[in-house]
Amino acid sequence: MHSRWMALGIIAVLVLTLGLPVIEPEIGSAQGPDATVVPDLLNMRHGPGSAYAIIARLSRGTALTLLGQNAQWVYGETSDGQAGWVATAYLDVRPDLDVAALPFREAPADLGTPIDDNPSPAPDDAPVPAPDGDAPADGTGVSGATTAAVNMRTGPGTSYRIITGLAASTPLVAAGRNATIDWVFVNVNGQDGWVFWEFVRLDNGYLSDLPVTTTIVDQIAPPAGDDAAADDSTTGTAFVPAPVAGGPGLTGFGYGGHVDSFAYPDLMAYAGMTWAKRQIRFTMGAPGSIAAGAIDQAHANGFKILLGIVGDPNELNNPGYFADYARFVGEVAALGPDAIEVWNEMNIDREWPNGQIDPARYTELLAQAYNAIKSANPNVAVISGAPAPTGAEGAFGSAAVWNDDRYIQGMAAAGAARYMDCIGAHYNEGIVGPNQTYGDPRSEYYTRYFWGMVNTYYNAFGGAVPVCFTELGYLSPEGFGPLPGSFAWGADTSVSEQAAWLAQAVNLARSSGRVRLVIIWNVDFTNYGADPMAGYAIVRPGGSCPACDALAGVR
Numbered sequence: 010m011h012s013r014w015m016a017l018g019i020i021a022v023l024v025l026t027l028g029l030p031v032i033e034p035e036i037g038s039a040q041g042p043d044a045t046v047v048p049d050l051l052n053m054r055h056g057p058g059s060a061y062a063i064i065a066r067l068s069r070g071t072a073l074t075l076l077g078q079n080a081q082w083v084y085g086e087t088s089d090g091q092a093g094w095v096a097t098a099y100l101d102v103r104p105d106l107d108v109a110a111l112p113f114r115e116a117p118a119d120l121g122t123p124i125d126d127n128p129s130p131a132p133d134d135a136p137v138p139a140p141d142g143d144a145p146a147d148g149t150g151v152s153g154a155t156t157a158a159v160n161m162r163t164g165p166g167t168s169y170r171i172i173t174g175l176a177a178s179t180p181l182v183a184a185g186r187n188a189t190i191d192w193v194f195v196n197v198n199g200q201d202g203w204v205f206w207e208f209v210r211l212d213n214g215y216l217s218d219l220p221v222t223t224t225i226v227d228q229i230a231p232p233a234g235d236d237a238a239a240d241d242s243t244t245g246t247a248f249v250p251a252p253v254a255g256g257p258g259l260t261g262f263g264y265g266g267h268v269d270s271f272a273y274p275d276l277m278a279y280a281g282m283t284w285a286k287r288q289i290r291f292t293m294g295a296p297g298s299i300a301a302g303a304i305d306q307a308h309a310n311g312f313k314i315l316l317g318i319v320g321d322p323n324e325l326n327n328p329g330y331f332a333d334y335a336r337f338v339g340e341v342a343a344l345g346p347d348a349i350e351v352w353n354e355m356n357i358d359r360e361w362p363n364g365q366i367d368p369a370r371y372t373e374l375l376a377q378a379y380n381a382i383k384s385a386n387p388n389v390a391v392i393s394g395a396p397a398p399t400g401a402e403g404a405f406g407s408a409a410v411w412n413d414d415r416y417i418q419g420m421a422a423a424g425a426a427r428y429m430d431c432i433g434a435h436y437n438e439g440i441v442g443p444n445q446t447y448g449d450p451r452s453e454y455y456t457r458y459f460w461g462m463v464n465t466y467y468n469a470f471g472g473a474v475p476v477c478f479t480e481l482g483y484l485s486p487e488g489f490g491p492l493p494g495s496f497a498w499g500a501d502t503s504v505s506e507q508a509a510w511l512a513q514a515v516n517l518a519r520s521s522g523r524v525r526l527v528i529i530w531n532v533d534f535t536n537y538g539a540d541p542m543a544g545y546a547i548v549r550p551g552g553s554c555p556a557c558d559a560l561a562g563v564r
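Using our numbering, you'd call the opening residue of the sequence shown number 10 and step up by one each time.
Written out as structure tokens, the structure is:
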């Protein structure tokens with residue numbers, strides 16, 4: 010669980026579309042503007058939420074006068090009179106200005122009319138085709154460097170071939186970008202290629218200033234000292250090993266539950282569950298045999314077993330840590346579990362060291378773990394660690410937390426898809442049914458919704474790997490008393506809603522074609538403190554299990 014981040018106010022997602030007027034940066038007053046835009050492009054909307062129409066697109070550095078606020082949004086006006094709503098998280102607000110003290114402004118009753126030159130605009134989450142563009146001239150561009158280890162690819166997407174791996178702080182010349190500004194065309198030591206935008210820092214200017222290009226690289230320099238052009242076996246990132254051959258991974262669809270005591274196998278079987286999950290905390294030097302009991306217990310009760318193997322963030326920087334973690338999961342794999350999840354919620358500083366959260370670094374660990382697992386037992390499925398679903402990065406900074414959508418995009422850019430059978434995901438903050446795609450009273454942020462999570466995670470890897478929910482649950486205080494304040498958002502969810510929504514989620518996941526596994530959080534945890542795990546449990550006080558009945562109906 011991740012109570013620290015689940016309780017935070019969620020930040021509205023940044024969406025880019027074409028066909029909108031771009032508001033250029035303006036010079037502020039002597040004391041500076043109230044706020045300036047931080048990203049290269051930011052949508053201005055008709056109302057405070059992503060459901061409202063986009064009325065303008067603001068460039069990085071655009072100055073705003075702030076006139077009102079509503080939750081995580083502010084109402085602002087540019088120097089040329091364009092007024093609308095923008096997400097506070099994407100603004101650099103003047104230090105002496107308290108956004109919360111701005112006048113509260115009511116949301117408009119209508120969704121507004123988008124300003125759009127296209128009669129049939131692309132949906133918010135769809136990539137927009139780039140205009141035709143020639144390759145930039147050799148030697149032209151803006152100098153910069155990589156911010157972390159990252160793959161250079163032949164095209165703007167993770168489906169394109171990896172040319173090589175670039176180390177952190179590798180000098181580069183940025184010569185272009187794609188239309189949606191999520192991939193940058195660069196040159197490193199004479200080699201052209203594409204790098205994901207999160208890992209590029211320019212010495213001056215903005216990514217949005219680079220020309221749009223659609224160049225696909227077809228000339229790849231051979232490695233130093235090699236007369237032949239590199240082939241696929243020699244062009245993977247230099248920071249992770251090539252993946253070893255594995256078995257089929259997960260086949261078909263299945264669901265189960267995260268167990269504490271494992272005292273209710275008959276109820277689980279009645280509910281149609283065929284999987285159980287246990288979590289194991291790894292410390293350096295521990296033998297893999299410590300997992301034998303959990304594996305044997307699950308198999309003896311007729312269940313497949315997923316083991317979530319989480320390390321100690323305080324040990325992570327010890328010399329040889331990644332190799333020892335890989336040794337451990339390899340020993341565990343040899344014992345015959347059905348699946349292993351590599352780490353847990355590594356996008357927050359409860360599970361990864363503060364200031365070091367980095368999807369490329371995690372991909373290095375994942376790669377070593379994958380190879381150790383598959384070498385020991387190729388039939389064990391490898392699931393990447395599920396990030397904490399959160400939008401708290403803007404409030405607490407990227408040293409403490411990365412928004413999960415940005416994190417998994419970074420994993421994809423680092424080549425993580427080669428080292429997993431399934432992308433791990435958590436969904437545990439829902440207060441509406443899984444069929445709903447809008448209408449959550451808190452916000453329209455994607456982590457509020459079942460489909461928001463499915464589509465965000467599946468699309469981050471271009472459909473190359475399925476989604477596995479290693480934690481999916483609905484919180485209900487019924488039978489326990491009031492929830493702690495940080496979980497008050499779940500106060501109105503009844504046990505009957507919990508039961509119905511879990512059954513619906515399993516049914517939707519099964520039919521989606523995008524989800525391979527659902528692990529319900531949870532079966533039988535009893536703690537109801539600061540982290541009210543028992544409120545998620547399907548076995549309720551007194552031993553009843555309404556969710557078991559509902560799940561039995563969709564088995």
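Virtual Cβ for every residue (Gly too), placed ideally from N, Cα, C.
{"Asked": "Expressed to the nearest angstrom, what Euclidean distance is found between the alpha-carbon atoms of residue 107 and residue 333?", "Found": "48 angstroms"}
{"Asked": "State yes or no: is the C-beta of residue 369 within less than 9 angstroms of the C-beta of residue 194?", "Found": "no"}
{"Asked": "Suppose you measure from the CA of residue 549 to the CA of residue 273; what does that come to, to the nearest Å?", "Found": "12 angstroms"}
{"Asked": "In the DSSP assignment, the alpha helix (DSSP H) including residue 515 goes from what residue to what residue?", "Found": "504-521"}
{"Asked": "Can you have a look at residue 291 and say buried or exposed, based on whether 16 or more other CB atoms are within 10 angstroms of its CB?", "Found": "buried"}
{"Asked": "Which residues in the same chain as residue 364 place their Cβ atom closer than 6 angstroms to its Cβ, once the five residues preceding and following it in sequence are excluded?", "Found": "408"}
{"Asked": "Would you kindly check if the distance between the Cβ of residue 447 and the Cβ of residue 458 is under 9 angstroms?", "Found": "yes"}
{"Asked": "With a threshold of 16 other CB atoms inside 10 Å of the CB of residue 270, please say whether the residue is buried or exposed.", "Found": "exposed"}
{"Asked": "Within the segment 421-492, note down every full alpha helix (DSSP H) run reaching 4 residues or more, in order along the chain.", "Found": "459-469"}
{"Asked": "In whole angstroms, give me the CA-to-CA distance for residue 280 and residue 530.", "Found": "14 angstroms"}
{"Asked": "As a quick exercise: from 176, 380 and 252, pick the residue whose alpha carbon is nearest that of residue 338.", "Found": "380"}
{"Asked": "Compare the C-alpha of residue 454 against each of 420, 474 and 412 and name the closest.", "Found": "412"}
{"Asked": "When you compare only the Cα positions, how much space is there between residue 90 and residue 77?", "Found": "15 angstroms"}
{"Asked": "Quick check on residue 548: does DSSP put it in helix, strand or coil?", "Found": "coil"}
{"Asked": "Going by the CB atoms, is the gap between residue 348 and residue 389 shorter than 9 angstroms?", "Found": "yes"}
{"Asked": "Going by other Cβ atoms of all chains shown within 10 Å of its Cβ, with 16 needed for buried, is residue 104 buried or exposed?", "Found": "exposed"}
{"Asked": "Does the Cβ-Cβ distance between residue 480 and residue 417 come in under 9 angstroms?", "Found": "no"}
{"Asked": "From residue 119 to residue 63, what does the alpha carbon distance come to, in whole angstroms?", "Found": "13 angstroms"}
{"Asked": "With a 10 Å radius around its C-beta and 16 neighbouring C-beta atoms as the bar for buried, classify residue 402 as buried or exposed.", "Found": "buried"}
{"Asked": "Contact check, residue 99 vs residue 175 under 8 angstroms by CB: the rounded distance?", "Found": "That pair is no contact at about 27 angstroms."}
{"Asked": "Taking C-beta to C-beta, are residue 443 and residue 325 nearer than 9 angstroms?", "Found": "no"}
{"Asked": "In chain order, what residues of the same chain have a beta carbon less than 8 angstroms from the beta carbon of residue 298, not counting five sequence neighbours either side?", "Found": "340 and 344"}
{"Asked": "Do you know offhand how far residue 294's Cα is from residue 321's?", "Found": "12 angstroms"}
{"Asked": "State the Cα-Cα distance for the pair residue 553 and residue 102, rounded to the nearest angstrom.", "Found": "51 angstroms"}
{"Asked": "Keeping to the same chain, check which residues put their C-beta closer than 6 angstroms to that of residue 156; ignore five residues upstream and five downstream.", "Found": "208 and 210"}
{"Asked": "Tell me the rounded alpha-carbon separation between residue 278 and residue 300.", "Found": "23 angstroms"}
{"Asked": "Spell out the partners DSSP gives residue 201 in its beta bridges.", "Found": "196"}
{"Asked": "Would you mind working out which of 494, 509 and 492 sits nearest residue 482, comparing C-alpha positions?", "Found": "509"}
{"Asked": "Please work out which residues of its chain come closer than 6 angstroms, Cβ to Cβ, to residue 477, disregarding the five sequence neighbours upstream and downstream, and give them in chain order.", "Found": "392, 431, 433, 525 and 526"}
{"Asked": "Distance check for residue 217 and residue 48, CA to CA, integer angstroms please.", "Found": "9 angstroms"}
{"Asked": "Once DSSP output is grouped into helix, strand and coil, what is the label at residue 298?", "Found": "helix"}
{"Asked": "Should residue 113 go down as buried or exposed, given a rule of 16 or more other Cβ atoms within 10 Å for buried?", "Found": "exposed"}
{"Asked": "What is the residue span of the beta strand (DSSP E) that residue 555 lies within?", "Found": "Looking at the DSSP string, residue 555 is not in any beta strand (DSSP E); the run it does join, the alpha helix (DSSP H), is 555-561."}
{"Asked": "With a threshold of 16 other CB atoms inside 10 Å of the CB of residue 285, please say whether the residue is buried or exposed.", "Found": "buried"}
{"Asked": "Please indicate yes or no: does the CB of residue 284 lie closer than 8 angstroms to some heavy atom of the ligand GTP?", "Found": "Ligands in the displayed structure: none, and consequently the ligand GTP is not present."}
{"Asked": "Along the chain, where does the beta strand (DSSP E) containing residue 250 start, and where does it finish?", "Found": "From DSSP, residue 250 is part of no beta strand (DSSP E); its letter is neither H nor E."}
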